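Asker:
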């Protein structure tokens with residue numbers, strides 16, 4: 002199973018959603034998980050994970066992960082060639098590296114990362130940025146390119162973003 006997570010922050014709480022789906026090409030999810038949590042930390046530039054990781058971990062407590070499952074986050078897993086990690090990297094560490102973590106970011110991170118791949122989908126001239134731990138990034142690049150939808154953002158990831166914004 003693939004579990005895609007995203008969080009949207011309101012003034013009083015964070016709304017975290019997870020869409021579960023079986024295959025990268027799926028047009029619909031099999032399950033939607035959701036949770037509203039208190040915001041435990043303010044946004045800190047360069048330390049986004051401090052704010053979002055607790056939300057993801059809390060929602061993960063509703064999910065029975067199994068061997069072979071993949072976690073997908075809206076953001077980065079790796080940030081540079083020197084070993085700096087992003088939200089997905091911290092998630093991978095927290096889960097004792099038992100599950101592959103895939104990061105799909107909409108905005109480019111400025112430091113060089115030999116494991117980062119640009120993905121152009123549909124007619125878009127603007128790429129998505131792919132990073133991962135526990136799975137080959139080049140294999141994943143093909144999988145993300147093949148995700149359902151003809152636009153830059155795959156269908157299920159667009160839906161995920163929209164669901165986080167429903168109060």
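In the working numbering, the protein residues as written are 2 to 168.
All C-beta atoms, glycine included, are put in the ideal place defined by N, C-alpha and C.
Keep in mind that this is a model prediction, so the values were computed, not measured.
#1: Terminal residues of the continuous alpha helix (DSSP H) containing residue 118?
#2: Taking only three categories from DSSP, how would you classify residue 57?
#3: Taking the Cβ atom as the reference point for each residue, do residue 77 and residue 106 lie within a distance shorter than 8 angstroms?
#4: Let me confirm a value: residue 108 is counted as buried when at least 16 other C-beta atoms fall within 10 Å, else exposed. Which label applies?
#5: Contact check, residue 130 vs residue 74 under 8 angstroms by CB: the rounded distance?
#6: Report yes or no: do three or more beta-carbon pairs, one from the segment 93 to 104 and one from the segment 25 to 41, lie closer than 8 angstroms?
#7: Which residue marks the beginning of the beta strand (DSSP E) containing residue 36, and which one marks its end?
Answerer: Quick look at the numbers:
#1: In the chain shown, counting from the first residue as 1, residue 118 sits at position 117. Careful: residue 118 lies outside any alpha helix (DSSP H), inside the beta strand (DSSP E) at 118 to 120.
#2: Stepping through the chain shown from its first residue, residue 57 is reached at position 56. DSSP places residue 57 in helix when its eight states are reduced to three.
#3: Start at 1 with the first residue of the chain shown, and residue 77 comes out as number 76. Start at 1 with the first residue of the chain shown, and residue 106 comes out as number 105. Going by C-beta atoms, residue 77 is nearer than 8 angstroms to residue 106.
#4: For this step, residue 108 is matched to residue 107 along the chain shown. Result: exposed.
#5: On the chain shown, residue 130 is found 129 positions in, with the first residue counted as 1. On the chain shown, residue 74 is found 73 positions in, with the first residue counted as 1. The C-beta separation of residue 130 from residue 74 comes to about 12 angstroms, leaving the pair out of contact by the 8 angstroms criterion.
#6: The answer is no - the segment 25 to 41 does not touch the segment 93 to 104, with fewer than three Cβ pairs under 8 angstroms.
#7: The residue given as residue 36 occupies position 35 in the chain shown. Where residue 36 is concerned, the enclosing beta strand (DSSP E) stretches over 32 to 38.
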